[in-house]
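Right, one structure below, let's go through it.
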Amino acid sequence: CEESSDVLSDPNCSSSAVSNVAATPTDEYKATTPRQPKKAEGKRRKPSVAVMDFMRNKRERERALKATLREQRVQFVQQLGDIECDSLERQLGFELKGWIEQRCN
3 CEESSDVLSD
13 PNCSSSAVSN
23 VAATPTDEYK
33 ATTPRQPKKA
43 EGKRRKPSVA
53 VMDFMRNKRE
63 RERALKATLR
73 EQRVQFVQQL
83 GDIECDSLER
93 QLGFELKGWI
103 EQRCN
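Position one of the sequence shown corresponds to residue 3 (the numbering used here), numbered consecutively onward.
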């Protein structure tokens, strides 16, 4: 029970032997370093006009892309025959009609 590795693994060691094990360096650092107060978060500034324009344009492009993809999914499913549609739904494990609606909203 003399070595530090034995102290932690041997349940028969006394608690005083366990307390003699040196603390980790991070524990010592935390104990000696005073806590600094957290910085107060100020008000968020309003984004610049250029940033707002960029965000608006990005949202418009995303909406247009979603609409285009939805139309392509609808056309794809409409072009499938009954057997192809059933086979694809069986392989994927879900209905294609639900896939079209779920991906759009």
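All residues carry an ideal CB built from backbone N, CA and C; glycine is no exception. From a predicted model like this one, the values you see are computed outputs, not experimental measurements.
(request) For the region 76–84 and the region 93–103, state whether three or more C-beta atom pairs, one from each stretch, are separated by less than 8 angstroms. (result) yes
(request) Measure the C-alpha to C-alpha separation of D8 and K45 and round it to an integer number of angstroms. (result) Because D8 carries a pLDDT of 49, less than 50, the predicted location of this residue cannot be relied on, and no value is offered for it.
(request) Provide the residue span of the alpha helix (DSSP H) that contains R63, from first to last. (result) 51–81
(request) Take I85 and list the residues in its own chain whose beta-carbon comes closer than 7 angstroms to its own, dropping the five residues that flank it on each side. (result) none
(message) Could you tell me the alpha carbon to alpha carbon distance between V53 and L67, rounded to whole angstroms?
(response) About 21 angstroms.
(message) In whole angstroms, give me the CA-to-CA distance for R75 and A69.
(response) 10 angstroms
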